[in-house]
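There are 2 protein chains.
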Amino acid sequence: MEFYVEKSCGKARAGILKLPHGIVHTPVFMPVGTQASVKTLSSEELIDIGAEIILGNAYHIYLRPGTDVIKLAGSLHNFMNWNRNILTDSGGFQVFSLSELNKIKDDGVIFQSHIDGSYHHINPEKSIEIQYDIGADIIMCFDQCTPGDADRKETLNAIKRTEKWALQSKEALERLNKENNKKQSLFGIIQGGIYDDLRIKCTEKILNIGFDGYAIGGLSVGESKEDMYRITNLVSEHLPFDKPRYLMGVGVPEDILNAIEAGIDMFDCVFATRSARNGTAFTRYGKLNLRRSDLATQFEPIEKDCDCYACKNYTRAYIRHLFKAKEILALRLASIHNLRFLIKLTEMARKSIIEGKFQEFKNSFLSEYKIS
Amino acid sequence: MEFYVEKSCGKARAGILKLPHGIVHTPVFMPVGTQASVKTLSSEELIDIGAEIILGNAYHIYLRPGTDVIKLAGSLHNFMNWNRNILTDSGGFQVFSLSELNKIKDDGVIFQSHIDGSYHHINPEKSIEIQYDIGADIIMCFDQCTPGDADRKETLNAIKRTEKWALQSKEALERLNKENNKKQSLFGIIQGGIYDDLRIKCTEKILNIGFDGYAIGGLSVGESKEDMYRITNLVSEHLPFDKPRYLMGVGVPEDILNAIEAGIDMFDCVFATRSARNGTAFTRYGKLNLRRSDLATQFEPIEKDCDCYACKNYTRAYIRHLFKAKEILALRLASIHNLRFLIKLTEMARKSIIEGKFQEFKNSFLSEYKIS
């Protein structure tokens, strides 16, 4: 992996990330392919919307189809016919979000499969092995993510585990890379909830271990927007200039722009595709309810100048009809549009950074975009 | 509309059908787009699988989005971004298949919407007007379809209505074509259940009225295969050589080949897409259950030499995974494959007719294809 900042504008950065499956231009939005599929889309469509890297989920893929199947296919890339880059998350977030099924201990997590109820033990070594077998271009450390309302004590415990597991993750990957003469990359994850001092403490520890890139985890998990922005800024300031910075699980257009301003390079979120399937489209003016009755005779695209397949070929009237009639094409067209919207947003942000006009771009975008 | 038989081979015919939205090479399979969408597919994908004409449904489109919306869009073609041909069925089949909600009288049908329970009256004039407004390249007469187990008396009543309604349909379209200086085409429909004499009687009446093409309705509605094949052959023999012949609601590969042998030119059926969504793929060896556990590590396409997008890009192992994980891409890939399979079947049949080898092609296909 190679990374450099091509141009800065304030704290915002336009970077180049060279990975085994091609160049990634940052800031970048990564569509989420939880179960080896970015919901509703083909790999051709992902290329068409300009995706340079997608996110896979170690926890889900480990359970189904299983790492053995992915190994036989050669890699997750082969399995799902995606020849560009894949970043996998470690399963740490699932430890949090599916926590009713899980028991967290210092040496790892015992969890019950949400599919068949079977029990599994996962620890840093196991998580890294899974991600390694998947063939991820970027592997994430196994971490413990705390909810937005976690108290200091719980958060402190979590960062202690996260730090310990980060070291174990690094050692596990170094061993695997050495054994197989490969060089898959590893990102460290910084936890610490909404506690500034714990975030700084965790950042220092993770930086001391040393990784190819750094992620801010444990945000967009129920905390306030103020907390999210403050912590993003705080941690970002403490991260080295020459490594990529990834804000996990964010997000929506306004959060992405604020984070880019704080110096973040990478984003992922299921919100774009999930809200698409629920009938909500992003537009430059804010969200649009695609079931709204006045769309029934609007023979214009979701967004007039949008270059996505949905907007170039279909009208609001038709897409509304598809949603009302419960036709699957509705989910596809809205997903394509929303993903393209976010990818285009990062592309425009990048361009504005290179031109030294990020602040103007952000202000101009937010002056039109109604946050709801 | 223009139609001619390019080449015959026994009773099988390779024809050219010139319609307002392009040439259709017959025999042809028409994918079904009930609600202004061929389920799961985009119009780009329909072109990619070689569809030259699709079927729309007057009954469904009239109820949702409504003819007023289609008229504002210009045509169903514009509305759904499909620039090739559309044949609409008249609603006659829905009179039969949704019969609990309907009351059939000599002057038309009163039916209750399956969407909101509202009452509507439809008669031949109304049906033709709807199809005319939709902009269908081929309009079907309003008819009464009887179930596979209908007795003689019920069937006799139905063909009397069908004959009366056919004349009314023709007059209605002639009026509309004249008023608007257009020339949309109209096909007559022959009913008569499994009663040879009633079929012949109905055929004569419908031929006497005179249409651009002739359809055999009321088959594939619960009768035996023997009855279906016998009636298809019987009616087909009585149809004029120089007009296209359409067997409605058929079908599966073996039925399509038998009907081509009997001189049928056009087919439609929802079975290909419905079974795809249920996880069943057509292959040259018969049906394949895409959820079957031994597919989990089969890193080969559904069918080795298939030229469809699914087979060129994805493996059985991946598609099985998508079905198990309930991912929408599964439904898309299986639908693309099954539609391409049937369209390819008619393309190959056409080629064999032109080469004077239809019988050999049919025998060879059926010797491999396991009917289940």
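Just so you know, the protein sequences line up as chains A and B, in that order.
For the first sequence, this note's numbering assigns the number 2 to the initial residue and increments by one for each residue that follows.
For the second sequence, this note's numbering assigns the number 2 to the initial residue and increments by one for each residue that follows.
Even for Gly, the Cβ is constructed at its ideal location relative to N, Cα and C.
Coil, strand or helix - residue i by DSSP
i	result
Leu-73 of chain B	helix
Thr-41 of chain A	coil
Tyr-315 of chain A	coil
Thr-147 of chain B	coil
Phe-188 of chain B	strand
Tyr-215 of chain B	strand
Leu-289 of chain B	strand
Arg-246 of chain A	strand
Ile-62 of chain A	helix
Arg-78 of chain B	Checking the sequence shown, residue 78 of chain B turns out to be His, not Arg. His-78 of chain B: helix per DSSP, three-state reduction.
Ile-261 of chain B	helix
Ala-95 of chain A	Reading the sequence as shown, one finds Gln at residue 95 of chain A and not Ala. In this structure, Gln-95 of chain A counts as helix in the three-state DSSP scheme.
Ser-221 of chain B	coil
Ala-326 of chain A	coil
Asp-308 of chain B	coil
Gln-299 of chain A	coil
Asp-117 of chain B	coil
Ala-52 of chain B	coil
Ser-294 of chain B	helix
Gln-36 of chain A	coil
Asp-276 of chain B	This sequence places Ser at residue 276 of chain B; Asp is not what is there. Reduced to three states, the DSSP call for Ser-276 of chain B is helix.
Ile-372 of chain B	coil
Limits of the unbroken alpha helix (DSSP H) element including residue i
i	result
Leu-1 of chain A	There is no way to answer for residue 1 of chain A, as the model of chain A reaches only from 2 to 373.
Phe-359 of chain B	359-369
Val-253 of chain B	Note, Val-253 of chain B: premise wrong, no alpha helix (DSSP H); not H, not E.
Leu-340 of chain A	329-355
Lys-228 of chain B	Looking at the sequence shown, residue 228 of chain B is not Lys but Asp. Element bounds for Asp-228 of chain B: 226-239.
Ile-207 of chain A	197-210
One or two residues paired with residue i in a DSSP bridge
i	result
Thr-27 of chain B	B:Gly-16
Thr-89 of chain A	A:Gly-57, A:Ile-140
Asp-269 of chain A	A:Met-31
Val-110 of chain A	A:Ile-105, A:Ile-123
Element boundaries [beta strand (DSSP E), containing residue i]
i	result
Cys-10 of chain A	3-10
Asn-124 of chain A	That residue, Asn-124 of chain A, is in no beta strand (DSSP E); it is neither H nor E in DSSP.
Ala-282 of chain A	281-284
Any non-hydrogen atom of the ligand GDP within 6 Å of residue i CB
i	result
Lys-352 of chain B	The ligand GDP is not part of this structure, which contains no ligands at all.
*Flag this pair as touching only if the segment 360-372 of chain A and the segment 8-22 of chain B have three or more C-beta atom pairs under 8 Å; answer yes or no.*
Pairwise C-beta distances place the segment 360-372 of chain A out of contact with the segment 8-22 of chain B, as fewer than three of them are shorter than 8 Å.
_Assess contact between the segment 52-61 of chain B and the segment 23-38 of chain B, defined as three or more Cβ pairs (one per stretch) separated by less than 8 Å. Is contact present?_
Yes: at least three Cβ pairs fall under 8 Å.
*Quick check: the segment 158-169 of chain B against the segment 188-207 of chain B, are there 3 or more CB pairs under 8 Å?*
yes
*Answer yes if the segment 215-222 of chain B comes into contact with the segment 242-250 of chain B, meaning at least three C-beta pairs across the two stretches below 8 Å, and no otherwise.*
yes
*Given 8 Å, three or more beta-carbon pairs between the segment 260-267 of chain B and the segment 276-289 of chain B*: no
*Inspect the CB distances between the segment 343-351 of chain B and the segment 47-55 of chain B and report whether three or more fall short of 8 Å.*
Contact holds: three or more Cβ-Cβ distances are below 8 Å.
*Report yes or no: do the segment 309-329 of chain A and the segment 80-87 of chain B share at least 3 C-beta pairs separated by less than 8 Å?*
yes
*How about the segment 92-106 of chain B and the segment 129-149 of chain B: do they share at least three Cβ pairs that are nearer than 8 Å?*
yes
*asked:* With three or more beta-carbon pairs closer than 8 Å as the criterion, would you say the segment 194-207 of chain B touches the segment 220-240 of chain B?
replied: yes
*Answer yes if the segment 171-187 of chain A comes into contact with the segment 126-137 of chain A, meaning at least three C-beta pairs across the two stretches below 8 Å, and no otherwise.*
Note that the segment 126-137 of chain A touches the segment 171-187 of chain A; at least 3 beta-carbon pairs, one per stretch, sit closer than 8 Å.
_Check whether the segment 294-309 of chain A and the segment 248-258 of chain A touch, using three or more Cβ-Cβ pairs below 8 Å as the test._
no
*asked:* Between the segment 3-13 of chain B and the segment 351-358 of chain B, can you find at least three pairs of beta-carbon atoms closer than 8 Å?
replied: Cβ pair count under 8 Å is three or more, so yes.
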